[in-house]
Each structure stands twice: as structure tokens, then as C-alpha cells.
Amino acid sequence: MFALCQTFAQNLQVSGRVTSSGATSQPLSGVNITVKGTTNGTTTNATGDYIITVPQGGVLVVSFIGMSAVERTITSSGPQDFTLTSSTGTMDELVVVGYGVQKKSVVTGAISKVTASDIDNQPIMRVEQFLQGRASGLTIAAASGQPGSGATLRVRGTTSINNSEPLYVVDGIPVDNGGIDYLNTNDIESIEVLKDAASAAIYGTRAASGVILVTTKRGRAGKTTFSYNGYYGVQRTSRRLDLLNATEYATLRNEASVADGGNIIFADPASLGKGTDWQDVIF
């Protein structure tokens, strides 16, 4: 007789906080946290906290733009805090600053840059997703869970009770219609986020809530090429409650009332129909 045994990987729930290194350690929001070799991932919230489910023995990869990535093997559930250190490997990268470009090593203002190569082959449908977790000091909040829905961008938090939207500048031209949703993400070469007064001064009071500079791709000499990228997704609720409809609820109330020595509350429960399933309406 042979005994057949099957081993199942145990999933562990891991939570913790991600902070920056140094004497002035601060929580980091928008940090990418993924399980290595999978598509399972999450990002930290405004206080640097996160929670994620990891297979036992899985490797967590914590990464953030401008900082060195950290990998850690998870063998047990519980708190897992991470401290990220600044990366010095991009000091010669050129960044757009107002009217021109400078090397990142000589820029004194607070600027974050994201390039098209950072998100190659990623299912990015909107420009806001282009920046998610890749620009420090930029908070992105989705308006809803609807696929393709818009998002609110805030540079270093809310700065005004009237309007905290940053100023968008596309190829040197300010956009006054309140957004850059019309841009095709495949046409974007790079995005710079100007976060302090020194780097955004040339734009005046319109830059009080920060500036997002978008540089689009240019035509190149050579053979004409055509390309196509397509993505699709499915969204569903992970768990729904099995609730009574209107007729079933009325019947239950009648039975409970009679069992308690009372009168029938609903004379004709069938006339109530099924009612509205609010889970269908919401989800």
C-alpha cells in the first residue's frame, strides 16, 4: 500500500511599513511591493503602510523610483518593515526643467522623472497610471474602481481648499482644460514632476500645486514602422452575500411573527416581488 501525499503552499499575510533611510527617516507612499515572479503586488498608502498575501518562501520585492530595490524571503506571517536607501545610479540622467534640460546631478530643485522605458510592456491605459508608484511626493487616488476611470493627482498633498490640481505642461504648452487624459500613453517619451518653488518658479502662481511636464515622442528618420498594443481585463467581486429578496424576507417575517403569537405582518408577500439587489447596483 502506498500513501500519496500532496503538499500545498501556505499563503501568509504580511504587513508593515516602508520608510526612507537616514536621520530624517520618513514613511514612503506609492512604493511598489510585488511577489517576485508573479503579478501579485500592491503599493503603500499615504503613511507608508501595506498589506499583501505571500506564499510561504516567496520573495517580496520592494522598489521605488530613485531608491535601491530590496528583496526579502518571507517564511512566516507578521510585520515586515523595509528601509530604502537612495540610489546614485541615475545622476547623469537629463531632466526637463522649465525652459530647458539639465543633468540630474546639478539640479537643485525637487524633480522626479519617469521615462517610457520604465513601463515598457505594462498594461497602462491612462496617463495617471504612468506615474503610479514611480514619482516620489506624488499621490494618485482613483475616483472609482471602474476600469479606465479617472484619478486625482496631488503633488505633496492638498495645498488649497479651492483647487489643488497641478499645472500640466505638454511639450512646453500649458494645458488649461484640467487634465491630460487625451494623450495616448504610447506617445509619451517622459514625464517630469516639479515639486518645489525653485523648479516651478517660471510658471508663476499656476504652479502653486506643482507642475507635471510631459514630453511626447518625436518622429525619427528611417523606415516607417507600424505597431499595435492591446490589453483587456476582467473585474469581479471576490465575495457576494447570499441575501433574501423582498418576497422571501416578508415570508420570513410572517413566520417569525406567527411563531411569536402575533399576527401576519405582510398579507401578500408574493406581491412584493424580488425587490432590488443592491449588490448588483453597486458592483
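Add 22 to the 1-based position in the sequence shown for my numbering, that's all there is to it. We put the CB at the ideal spot given by N, CA and C, even for glycine.
Taking the C-alpha atoms as reference points, what is the distance between D290 and Y72?
Sequence index remark: in the sequence shown, residue 290 carries index 268 (1-based). Sequence index remark: in the sequence shown, residue 72 carries index 50 (1-based). Using only the alpha carbons, I get a separation of about 51 Å.
Can you give me the Cβ contacts of R262 inside the same chain, cut-off strictly under 8 Å, excluding the 5 residues immediately before and after it?
Within the sequence shown, the letter at position 240 stands for residue 262. Cβ within range, chain order: Q301 and F305.
Tell me the rounded alpha-carbon separation between I286 and L274.
Your numbering for residue 286 matches position 264 in the sequence shown. Your numbering for residue 274 matches position 252 in the sequence shown. About 10 Å.
Whole angstroms is fine: what's the gap from T137's alpha carbon to D209's?
Sequence index remark: in the sequence shown, residue 137 carries index 115 (1-based). Sequence index remark: in the sequence shown, residue 209 carries index 187 (1-based). So the alpha carbons of these two residues sit roughly 11 Å apart.
By Cβ distance below 8 Å, which residues in the same chain neighbour R94 in space, the five residues on each side in sequence not counted?
Counting from one through the sequence shown, the residue named residue 94 turns up at place 72. These residues qualify, in order along the chain: V81, L82, V84, Q102 and F104.
Within its chain, find whatever has a CB closer than 8 Å to the CB of L175; leave out the 5 residues flanking it on each side and keep chain order.
Residue mapping note: residue 175 aligns to position 153 of the sequence shown, counting from 1. Excluding residues within five positions, the ones whose Cβ falls inside 8 Å are E150, L153, L160, T161, I162, E187, P188 and I234.
What does Q35 pair with, by DSSP beta-bridge criteria?
Reading the sequence shown from its first residue, position 13 is the one you call residue 35. DSSP output for Q35 lists T75 as bridge partner(s).
Hey, A157 and A164: beta-carbon distance below 8 Å or not?
As a first step, residue 157 must be located in the sequence shown, where it is residue number 135. As a first step, residue 164 must be located in the sequence shown, where it is residue number 142. Against a cut-off of 8 Å, the Cβ pair of A164 and A157 comes out as no contact.
Tell me which same chain residues have a C-beta within less than 7 Å of the C-beta of T269, skipping the five on either side of it?
In the sequence shown, counting from the first residue as 1, residue 269 sits at position 247. Taken in chain order, the residues that qualify are P291, A292, L294, G295 and K296.
Quick one: grab the DSSP three-state call for G70.
If you number the sequence shown from 1, residue 70 lands on position 48. G70: coil per DSSP, three-state reduction.
Starting from the C-beta of L266, find all residues in its chain whose C-beta is less than 8 Å away, skip the five residues before and the five after it, and write them out in chain order.
Position 244 of the sequence shown, counted from the first residue, corresponds to residue 266. L274.
Given this structure, state the Cα-to-Cα distance separating G255 from D193, to the nearest angstrom.
To locate residue 255, count along the sequence shown from 1; it is residue 233. To locate residue 193, count along the sequence shown from 1; it is residue 171. Each residue's alpha carbon lies about 32 Å from the other.
Does the Cβ of F248 have 16 or more other Cβ atoms within 10 Å, making it buried, or fewer, making it exposed?
Here the question's residue 248 lines up with position 226 in the sequence shown. Counting Cβ neighbours within 10 Å, F248 comes out exposed, since fewer than 16 surround it.
So, at 6 Å on beta carbons, what are the nonlocal neighbours of Q124 in its own chain, with the 5 sequence-adjacent residues on each side left out?
Residue mapping note: residue 124 aligns to position 102 of the sequence shown, counting from 1. Caution is warranted here: a pLDDT of 47 is assigned to Q124, below 50, making its placement in the model unreliable, and the coordinate value is therefore given only provisionally. Result list for Q124: empty, nothing under 6 Å.
Just the Cα atoms here: how many angstroms apart are R148 and Y204?
For the purposes of this step, residue 148 is taken as residue 126 along the sequence shown, with counting starting at 1. For the purposes of this step, residue 204 is taken as residue 182 along the sequence shown, with counting starting at 1. Straight-line Cα distance between these residues: approximately 9 Å.
Starting from Y204, follow the alpha helix (DSSP H) in both directions and report where the run begins and ends.
The residue you call residue 204 lines up with position 182 of the sequence shown. Run containing Y204: none; DSSP gives neither H nor E here.
Mapping the DSSP letters down to three states, classify N54 as helix, strand or coil.
Sequence index remark: in the sequence shown, residue 54 carries index 32 (1-based). Three-state result, N54: strand.
In the structure shown, what three-state DSSP assignment does I286 receive?
Here residue 286 refers to the residue found at position 264 of the sequence shown. In the structure shown, I286 sits in coil (DSSP, three-state: anything other than H, G, I, E or B).
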